[in-house]
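Worksheet: the structure to be examined is printed underneath.
Residue numbers (our numbering): 147 to 595.
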């Protein structure tokens, strides 16, 4: 049997040698045969007849598209792969039964612009590429590849025959049709998000997977496995509340659309008010001053995932003050060593608190009013009295609670809020401050700037 095996390996080599010699004796001016384009190659491959039928049936004239200049990388499902797709839906007996618009998007989810060889993928190890299918916000859908054991896409389809060259790209034959991935599909596909998936589904919980598998617009800040390993939950917060703090409902936000701003998450305080998350894009994307986006813009059908390097705990009032550079001078004032009152510890406690937080420019105006050059020049009683007038204990006063002539009982005495013509605060000395930002909601209170 070994001899036969060796002969079977040698014979093709000898035949190739004869072919090579014969070709070398041809007239040198004879043009080489034209290489087939992707559609021609598929049409000539018996096991891709279902793919060809699908290309012909789908919207978008995909036959012409994939016969074009390219280059394209096509993940070509076998006939058996298409049969498995049909078997997955009782209403589908043939490819003609699939909605042509849906079929077009599914097929485009197997097309990557550019020529990507198996060695290119192997060099990357694991990661994301963009297909030509449309995802949330009109962005191209992401596809996850993992080469730790062969080449696998979205953890559902493996390459069986790689690197079939065409005149306008490269084809990799795969053993399963790759469906259009939602957020849950992407999370499950990536092994570096396995800790997140485990947390989302702990104890048979389906709340998150049900939500994030539905049509809609979501942005998910997904902690990688090492983020969960390093998280000790120092405040003992409920893990489901913490996970909700990583989800924004109603918006699919690509990293290019993010700016320094507050957004509402799916987490809430005890009154049902949505918790805020502070996004800072001065140097990459940082969330609440503690978590950085490590891999941005994983596009799903129903939203965007950004993988982050730390779990984002439920924010306190102090979390936002320290995360937002707009409040840098306020933090310096609150932490001045000679203060007789520990504001940071107090405002990190259960609360609730309402803080009317002066921005940096407000402190500049205060220095001018007092005729001093720096915070260090303000005596402790004056600084404490100033800070006390910006904090309310025992109340979570949101913007919608304010009315004209509303009395605000601060630690330093009553001030008056008015909302007609723009929200303002008036102190006992008739000094008026404008409220320029409202409802930055923490777990233990709310900030208005």
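C-beta: ideal position from N, C-alpha, C; glycine also.
Integer Cβ distance of residue i from residue j, believed to fall under 8 Å
i           : j           : result
residue 332 : residue 451 : 6 Å
residue 105 : residue 300 : An answer regarding residue 105 cannot be provided, because it is not within the stretch 147 to 595 covered by the chain.
residue 408 : residue 422 : 5 Å
residue 598 : residue 561 : Outside the displayed span of the chain (147 to 595) sits residue 598, for which this structure offers no information.
residue 252 : residue 326 : 6 Å
residue 536 : residue 559 : So it is not a contact: roughly 12 Å between Cβ atoms.
residue 320 : residue 222 : 7 Å
residue 589 : residue 460 : 4 Å
residue 542 : residue 417 : 7 Å
residue 465 : residue 434 : 6 Å
residue 376 : residue 456 : 7 Å
residue 231 : residue 239 : Not a contact, Cβ separation roughly 12 Å.
residue 533 : residue 489 : 6 Å
Nearest candidate by alpha-carbon position, reference residue i, set the options
i           : options               : result
residue 287 : 447, 567, 510 and 512 : 447
residue 476 : 495, 507, 360 and 496 : 507
residue 311 : 460, 185 and 373      : 185
residue 272 : 244, 510 and 264      : 264
residue 322 : 234, 414 and 547      : 234
residue 449 : 395, 412 and 458      : 395
residue 568 : 440, 581 and 497      : 581
residue 478 : 594, 503 and 207      : 503
residue 540 : 548, 492 and 231      : 492
residue 368 : 275, 187, 382 and 337 : 337
residue 328 : 354, 350 and 370      : 354
residue 419 : 587, 270 and 296      : 587
residue 226 : 303, 214, 313 and 545 : 303
residue 469 : 431, 212 and 231      : 431
residue 205 : 388, 268, 536 and 279 : 279
residue 315 : 182, 275, 362 and 546 : 182
residue 594 : 324, 545 and 189      : 545
residue 463 : 455, 454 and 500      : 500
residue 458 : 564, 307 and 366      : 366
residue 200 : 241, 318, 207 and 480 : 241
residue 266 : 524, 533, 318 and 362 : 318
residue 362 : 243, 284 and 494      : 284
residue 277 : 232, 239, 250 and 570 : 250
residue 413 : 400, 392 and 519      : 392
residue 246 : 203, 387, 228 and 383 : 203
residue 313 : 411, 268, 212 and 497 : 212
residue 371 : 385, 352 and 454      : 454
residue 281 : 385, 230, 307 and 254 : 254
residue 364 : 330, 386 and 383      : 330
Cβ-based burial, residue i [other Cβ within 10 Å; buried from 16]
i           : result
residue 444 : buried
residue 173 : Reliability of the predicted coordinates at residue 173 is poor, the pLDDT of 43 falling under 50, and the value obtained from them is presented with this limitation in mind. Residue 173 should be labelled exposed.
residue 137 : Absent from the model: residue 137. The displayed extent of the chain is 147 to 595, so no value can be given.
residue 236 : exposed
residue 298 : buried
residue 472 : buried
residue 398 : buried
residue 591 : buried
residue 578 : exposed
residue 415 : buried
residue 248 : exposed
residue 224 : buried
residue 210 : exposed
residue 296 : exposed
residue 178 : Interpretation of residue 178 is limited by its pLDDT of 34, a score under 50 that renders its predicted location unreliable; the figure taken from the coordinates is listed afterwards. Exposed: under 16 other Cβ atoms inside 10 Å.
residue 190 : exposed
residue 379 : exposed
residue 167 : Low confidence applies to residue 167: its pLDDT is 31, below 50, so where it sits in the model is not reliable, and the reading given next is rough at best. Flag for residue 167 reads exposed.
residue 576 : exposed
residue 497 : buried
residue 566 : exposed
residue 352 : exposed
*Would the segment 522 to 540 and the segment 481 to 488 be scored as touching if the rule is three or more Cβ pairs under 8 Å?*
yes
*Entirely within the segment 311 to 397 and at least 3 residues each: give me those beta strand (DSSP E) ranges in chain order.*
315 to 320, 364 to 369 and 393 to 395
_Check whether the segment 213 to 224 and the segment 255 to 264 touch, using three or more Cβ-Cβ pairs below 8 Å as the test._
They touch, by the three-pair rule.
*asked:* Is it the case that the segment 417 to 429 contacts the segment 325 to 345, given that we only count it when at least three CB pairs across the two stretches are under 8 Å?
replied: Result no; under three Cβ-Cβ pairs closer than 8 Å.
*asked:* Which complete beta strand (DSSP E) runs does the segment 187 to 249 hold, if anything under 3 residues is left out?
replied: 218 to 223
*Using 8 Å as the threshold, is the segment 190 to 210 in touch with the segment 278 to 294, meaning 3 or more CB pairs across them?*
Cβ pair count under 8 Å is below three, so no.
*Indicate whether the contact test is met: 3 or more Cβ pairs, each with one atom in the segment 536 to 556 and one in the segment 509 to 516, closer than 8 Å.*
no
*Can at least three beta-carbon pairs, one atom from the segment 432 to 440 and one from the segment 349 to 358, be found at a separation below 8 Å?*
no
*Which ranges would you report for the beta strand (DSSP E) in the segment 518 to 590 if only whole runs of at least 3 residues count?*
Listed in chain order, they are 537 to 539, 552 to 556, 559 to 564, 570 to 572, 578 to 580 and 586 to 588.
_My parser needs the alpha helix (DSSP H) runs of 4 or more residues fully inside the segment 255 to 319; what are they?_
Runs of the alpha helix (DSSP H) inside the segment 255 to 319: 264 to 270.
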